[in-house]
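These notes are about the structure you will find just below.
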Amino acid sequence: MPELPEVEVTKKALESALKKTSITGVNIRNKKLRWPVEEKKIRNIIHSDIKKIYRRGKYILISCENGALILHLGMSGSIGIFDKNSKYHKHDHVEFILKNKKVVRLNDPRRFGCAVWTNERPEEHKLIKSLGIEPLDEKALGEYLFTMSRSRKAAVKNFIMNSNIVVGVGNIYASESLFRSGINPIRSSSRISKQRYRKLGEEIKRVLSEAIEMGGTTLRDFTYYNEVRQIGYFKQKLFVYGRSGEECKKCSGLIKDRIIAGRNSFFWPKCQT
DNA sequence: AAACGACCCTGAAAGC
DNA sequence: TGCTTTCAGGGTCGTT
Numbered sequence: 327m328p329e330l331p332e333v334e335v336t337k338k339a340l341e342s343a344l345k346k347t348s349i350t351g352v353n354i355r356n357k358k359l360r361w362p363v364e365e366k367k368i369r370n371i372i373h374s375d376i377k378k379i380y381r382r383g384k385y386i387l388i389s390c391e392n393g394a395l396i397l398h399l400g401m402s403g404s405i406g407i408f409d410k411n412s413k414y415h416k417h418d419h420v421e422f423i424l425k426n427k428k429v430v431r432l433n434d435p436r437r438f439g440c441a442v443w444t445n446e447r448p449e450e451h452k453l454i455k456s457l458g459i460e461p462l463d464e465k466a467l468g469e470y471l472f473t474m475s476r477s478r479k480a481a482v483k484n485f486i487m488n489s490n491i492v493v494g495v496g497n498i499y500a501s502e503s504l505f506r507s508g509i510n511p512i513r514s515s516s517r518i519s520k521q522r523y524r525k526l527g528e529e530i531k532r533v534l535s536e537a538i539e540m541g542g543t544t545l546r547d548f549t550y551y552n553e554v555r556q557i558g559y560f561k562q563k564l565f566v567y568g569r570s571g572e573e574c575k576k577c578s579g580l581i582k583d584r585i586i587a588g589r590n591s592f593f594w595p596k597c598q599t
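Here's what the structure looks like:
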């Protein structure tokens with residue numbers, strides 16, 4: 327569920343929750359996530375000075391004086407902030423107890439997410455170090471994509487979803503940005519002009535920024551903040567994702583879907599060549 | 001080096 | 001209604 331915008335929104339919530347307070351306890355209720363949650367290591371965060379909370383790709387990094395916590399929401403993860411005594415939800419696996427009597431809970435039904443402690447600089451950690459560029463920080467995203475794509479013949483949709491190339495573009499925003507730039511998702515990434523990549527780069531940035539503004543897309547997932555269910559509204563802005571059989575918003579043709587490299591993909595060939 | 005499929009897991013939705 | 005099947009927003013790993 328969570329792609330870059332959803333993770334960014336989550337990161338901001340976490341940042342405000344941890345501001346002017348500190349973590350006084352850690353509670354691992356289920357350590358079976360993507361990698362075993364190592365409680366002993368994670369307890370390093372207790373009473374530690376939190377220097378910075380930031381996002382790298384779809385990872386949330388909480389960097390402390392003595393190391394860093396690396397969080398990922400996988401396909402179904404969310405983070406909620408609650409009062410200390412509030413009831414657990416099913417699948418609340420990792421809990422941080424705050425000095426201000428609040429708690430931060432990582433909930434993840436499918437358990438594809440992770441909570442990993444590292445003593446290294448987080449940028450050096452193996453989950454982080456080979457990640458590609460941040461699309462929103464890159465001025466010349468299109469030029470970069472063009473250069474990186476020359477030797478690759480996989481479908482352009484897979485190419486932009488490759489987190490070693492560019493981070494944060496998941497299945498929804500890949501389909502959306504390709505529609506917006508008029509590029510057929512099946513087209514080989516090495517056979518697209520620089521000019522078209524410039525357009526694609528701009529549309530990737532635009533769609534991600536707009537989604538962040540609107541609080542993310544949210545299909546089935548949701549997150550909680552102070553007991554209030556937070557929903558993103560970007561779904562209303564989707565041109566193609568999840569709309570197969572419905573009308574194209576540009577030309578009134580019917581949106582198609584097709585599996586590309588194992589992932590469902592949505593597009594309308596007449597508007598995407 | 002790059003591309004592909006299998007796999008990790010639960011639950012919502014669709015199918016019967 | 002209720003049981004079964006299919007599918008889901010991600011990423012890693014092993015194999016071609």
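In terms of our numbering, the first sequence opens at residue 327 and continues consecutively.
All C-beta atoms, glycine included, are put in the ideal place defined by N, C-alpha and C.
Bear in mind the structure is a predicted one, so any value in this text is a computation, not a measurement.
Counting C-beta pairs with one atom in each stretch, the region 406-425 and the region 335-346 have three or more that are closer than 8 Å, which means they touch.
When the Cα atoms are used, I509 and R589 turn out to be separated by approximately 17 Å. Annotated as distal: R569 and V533, with beta-carbon spacing of 8 Å or more. Between the region 364-383 and the region 432-443 there are three or more inter-stretch CB-CB distances shorter than 8 Å, so the stretches are counted as touching.
Per DSSP, V363 lies in no alpha helix (DSSP H) segment and is marked neither H nor E.
Around the beta carbon of Y523, a 10 Å sphere encloses 16 or more other beta carbons of the protein chains shown; the residue is thus reported as buried. Within the region 478-542, the complete alpha helix (DSSP H) segments at least 4 residues long are 482-487, 497-506 and 520-539, listed from N- to C-terminus. In the three-state reduction of the DSSP assignment, D434 falls in the coil class, being assigned neither a helical nor a strand state. Across the structure, E529 and N411 are spaced so that their CA atoms are roughly 44 Å apart.
Bounds of the alpha helix (DSSP H) holding A339 are L330 to L344. The three-state reading of DSSP puts E464 in coil, since its state is none of H, G, I, E or B. Of the candidates K575, I486 and I491, I486 places its Cα closest to the Cα of Y499.
Fewer than three Cβ pairs drawn from the region 572-581 and the region 353-361 lie within less than 8 Å of each other, which leaves the two stretches out of contact.
S514 is positioned such that its CB atom lies no closer than 8 Å to that of K483. According to the DSSP assignment, K455 belongs to the alpha helix (DSSP H) that extends over K452 to K455.
Taking 8 Å as the cut-off, the Cβ atoms of G579 and G558 do not count as close. If you draw a straight line from the Cα of A339 to the Cα of L359, it comes to about 22 Å. Look at I371 here: in three-state DSSP terms it is helix. For the pair H451 and N490, the Cα-to-Cα distance works out to about 14 Å.
For a cut-off of 8 Å, the C-beta gap from I379 to K428 is around 15 Å, too long to register as a contact.
Non-local C-beta neighbours of A466 in its own chain, meaning closer than 8 Å and more than five positions away in sequence, comprise G527, ordered along the chain. Rounded to the nearest angstrom, the gap between the Cα atoms of V495 and L453 is 17 Å.
Short of 7 Å from the beta carbon of E502, and not among the five residues preceding or following it, lie these beta carbons of its own chain, in chain order: V533, L564, F565, V566 and Y567.
Separation of P331 and P595 (C-alpha to C-alpha, rounded to the nearest whole angstrom) is 27 Å.
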